[in-house]
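Asks:
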Amino acid sequence: MRLAIIADTHMPKGARRLPDECVARLEQADLIVHAGDLTELSALHELQSYAPVVAVHGNVDSPEVRAGLPARTQVDAGGATIAVIHDAGPARGRLARMKTRFPEADAVVFGHSHIPLHEVAEDGFQIFNPGSPTERRRASHRTMGAATAEHGKIAFELLVLG
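Each number in this note's numbering corresponds to the 1-based position in the sequence shown with 9 added.
#1: Here's the rule I'm using: 16 or more other beta-carbon atoms within 10 Å means buried, otherwise exposed. How should D29 be labelled?
#2: According to DSSP, simplified to helix, strand and coil, what is V32?
#3: Among the candidates C31, R25 and R26, whose CA atom is the shortest distance from the CA of T152?
#4: Our contact map puts A155 next to E166 with C-beta atoms below 8 Å; I'd like the distance itself, whole angstroms only.
#5: For V74, list the residues DSSP reports as bridge partners.
#6: For Q57, which residues does DSSP report across the bridge?
#7: In the DSSP assignment, the alpha helix (DSSP H) including T109 goes from what residue to what residue?
#8: Could you check if E55 is buried or exposed, using at least 16 other CB atoms within 10 Å of its CB as the buried criterion?
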């Protein structure tokens, strides 16, 4: 199973749009995972035109988005359980905290900081932040994630967008 992973798209906002290379990955995905801060329902509807979407709401989402999406969710992808949340809290202790909060998950995808991150615990539990494809803030590039999930295992990849 191929996943496209994004967060913090903050759309619509002026002329902001998803980069073409991001859209190409979204269209090729079996599942899109969005870790919050879509901003408006129109952004969710755009994603749904590319592939099935699993998403959570973030801290700046409109009341309509917040009403329509959970604060956290889980999805089975290729036999792996992926938890999705927007804000995973402070960096210090994040890996252990997410493992405790989602003990049944193999991985947690989150957003909020706009800073890409991939950490793996000794037992294989993973946390992954894809950064943002539209608003890099303190990150050096706009980014998104991709993952392959099969036979109960998930492999994440960070993609730097032009």
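Beta carbons are placed, not taken as given, at the ideal position from N, Cα and C, and that holds for glycine.
Replies: So, to answer that:
#1: Looking up residue 29 in the sequence shown gives position 20. D29 should be labelled exposed.
#2: Taking the first residue of the sequence shown as 1, we reach residue 32 at position 23. DSSP, read as helix, strand or coil, puts V32 in helix.
#3: Sequence index remark: in the sequence shown, residue 152 carries index 143 (1-based). Selected option, being the one with the closest Cα: C31.
#4: Working through the sequence shown from its first residue, we reach residue 155 at position 146. Working through the sequence shown from its first residue, we reach residue 166 at position 157. About 5 Å separates the two Cβ atoms, so the contact holds.
#5: Residue 74 sits at position 65 when you count from the first residue of the sequence shown. The beta-bridge partner set that DSSP reports for V74 is empty.
#6: Residue 57 sits at position 48 when you count from the first residue of the sequence shown. Assignment of beta-bridge partners to Q57 by DSSP yields no partner.
#7: The residue given as residue 109 occupies position 100 in the sequence shown. From DSSP, the alpha helix (DSSP H) with T109 extends over R103 to R110.
#8: Against the sequence shown, residue 55 aligns to sequence position 46. Label assigned to E55: buried.
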